[in-house]
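Down below is the structure, laid out as structure tokens.
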Ligand SMILES: Nc1ncnc2c1ncn2[C@@H]1O[C@H](COP(=O)(O)OP(=O)(O)OP(=O)(O)O)[C@@H](O)[C@H]1O
Ligand SMILES: [Mg+2]
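Residue numbers (this note's numbering): 3 to 368.
In structure tokens form, the structure reads like this:
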């Protein structure tokens with residue numbers, strides 16, 4: 003049966019619309035999934051309103067077409083053609099019942115194929131949007147990964163901190179003896195190094211699992227000035243300019259200043275790295291600024307770095323997702339968590355080889 007359908011590379015012809023009770027046809031027009039019905043010759047005999055919306059084609063352009071002609075239709079954009087061809091291979095040729103894809107607008111779809119005896123040789127494709135499920139799935143995955151990372155790092159910290167505390171204690175006990183031997187300097191170095199190791203563990207713990215925010219009033223202008231000051235010299239060394247746009251002094255948010263600094267710092271670092279990775283001779287430019295939008299502030303960090311494709315954009319906030327050799331892939335997942343804890347959100351737009359813009363939205367203190 004499938005091969006007959008596959009072989010149906012026939013020209014468009016006058017088709018007989020499927021005789022269907024108008025009540026049922028009305029129902030099909032009003033359900034939220036897209037529906038396409040092909041007859042046993044592979045000719046499209048029915049498609050509902052949602053389906054034309056998904057394909058972004060007028061009804062007349064495709065009724066009576068075969069899949070081959072649908073794919074050859076110049077009005078169908080290339081992205082959709084590619085996805086339809088893949089779906090066709092997976093479901094019709096390989097016999098899989100479902101096919102999932104993300105469209106050019108970032109929406110997720112599940113396509114299902116119903117065929118067989120009950121369908122009397124016809125092929126019914128249904129297109130259901132599953133963006134919400136994907137979001138829930140992704141959030142659950144992120145939460146799971148962060149929870150796992152939290153547990154793992156806590157147990158590592160426990161295991162490492164205990165022996166460090168013991169070593170620190172014994173060095174302090176040995177201190178007078180080392181002093182007698184004229185080796186007091188050694189004790190100082192050991193103590194300083196143990197403290198440094200403890201700091202690293204502490205840093206790791208706080209960066210992988212944001213602690214409860216220490217809430218205070220944070221003036222956005224001062225926050226951005228401080229972060230730009232911190233990163234300016236590093237940027238210059240990497241051949242980038244950071245331009246801090248004029249800021250309104252009255253933009254004040256309620257939150258943890260240290261965590262907010264961490265978020266903006268992560269984004270400026272990512273921007274510098276994206277510029278370095280682009281590798282052209284062009285001058286790297288990072289724009290940082292903030293503006294009021296109703297009861298919210300929009301803080302933006304944009305760069306003219308290498309940009310991101312849709313696959314990277316999809317996984318950007320996943321813990322451990324990185325495209326860098328030395329990246330941990332935690333910067334943005336932690337930043338996302340911090341901003342959500344502050345009642346805000348992060349949005350991003352990007353174009354490959356043109357640049358990226360991150361926007362952090364946060365509620366303002368009125
Ligand atoms: N401004 C940007 N331009 C292009 N790609 C970016 C940008 N910001 C983030 N990315 C992409 O998102 C990925 C995840 O970023 P994230 O900050 O979470 O981790 P990372 O930078 O790879 O590692 P690290 O943990 O050291 O920050 C990066 O590897 C990069 O591919
Ligand atoms: Mg990063």
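We put the CB at the ideal spot given by N, CA and C, even for glycine.
Backbone secondary structure at residue i - three-state DSSP
{"i": "residue 77", "result": "coil"}
{"i": "residue 365", "result": "strand"}
{"i": "residue 112", "result": "strand"}
{"i": "residue 201", "result": "helix"}
{"i": "residue 219", "result": "strand"}
{"i": "residue 304", "result": "strand"}
{"i": "residue 102", "result": "strand"}
{"i": "residue 54", "result": "helix"}
{"i": "residue 358", "result": "strand"}
{"i": "residue 141", "result": "helix"}
{"i": "residue 68", "result": "strand"}
{"i": "residue 147", "result": "helix"}
{"i": "residue 152", "result": "helix"}
{"i": "residue 186", "result": "helix"}
{"i": "residue 119", "result": "helix"}
{"i": "residue 195", "result": "helix"}
{"i": "residue 328", "result": "coil"}
{"i": "residue 96", "result": "coil"}
{"i": "residue 178", "result": "helix"}
{"i": "residue 165", "result": "helix"}
Close Cβ partners of residue i (< 7 Å) along its chain, the five nearest in sequence each way excluded
{"i": "residue 189", "result": "173, 176, 177, 180"}
{"i": "residue 314", "result": "325"}
{"i": "residue 311", "result": "354"}
Range of the contiguous alpha helix (DSSP H) that encloses residue i
{"i": "residue 334", "result": "333 to 343"}
{"i": "residue 313", "result": "312 to 317"}
{"i": "residue 106", "result": "First-last for residue 106: undefined, no H or E at that position."}
{"i": "residue 27", "result": "24 to 32"}
{"i": "residue 61", "result": "61 to 64"}
Host beta strand (DSSP E) of residue i (start-end)
{"i": "residue 127", "result": "125 to 131"}
{"i": "residue 46", "result": "46 to 49"}
{"i": "residue 353", "result": "347 to 353"}
Sequence-distant residues of its chain with Cβ nearer than 6 Å to residue i (five each side left out)
{"i": "residue 81", "result": "106"}
{"i": "residue 269", "result": "303, 360"}
{"i": "residue 54", "result": "61"}
{"i": "residue 287", "result": "243, 306"}
{"i": "residue 334", "result": "318, 319"}
{"i": "residue 147", "result": "321"}
{"i": "residue 84", "result": "none"}
{"i": "residue 309", "result": "352, 353, 354, 355, 356, 357, 358"}
{"i": "residue 40", "result": "46, 125"}
{"i": "residue 42", "result": "123"}
Residues near residue i by beta carbon distance below 8 Å, same chain, minus five either side
{"i": "residue 221", "result": "251, 253, 254"}
{"i": "residue 63", "result": "75, 77"}
{"i": "residue 169", "result": "192, 196"}
{"i": "residue 349", "result": "360, 361, 363"}
{"i": "residue 67", "result": "14, 45, 46, 75"}
{"i": "residue 245", "result": "287, 288, 289, 290"}
{"i": "residue 223", "result": "249, 250, 251, 253, 292"}
{"i": "residue 37", "result": "30, 48, 49, 50, 52, 53, 126, 127, 128, 129"}
Identity of the residues DSSP links to residue i by a beta bridge
{"i": "residue 39", "result": "48, 126"}
{"i": "residue 171", "result": "For residue 171, which the question treats as bridged, DSSP gives no partner whatsoever."}
Test: residue i CB closer than 8 Å to a CB of chain C
{"i": "residue 361", "result": "Absent here is chain C; the protein component of the structure consists of one chain."}
Contained alpha helix (DSSP H) runs [length at least 4] in the region 226 to 301, N- to C-terminal order:
DSSP assignment within the region 226 to 301 yields the following whole alpha helix (DSSP H) runs of 4 residues or more, N-terminal first: 259 to 280.
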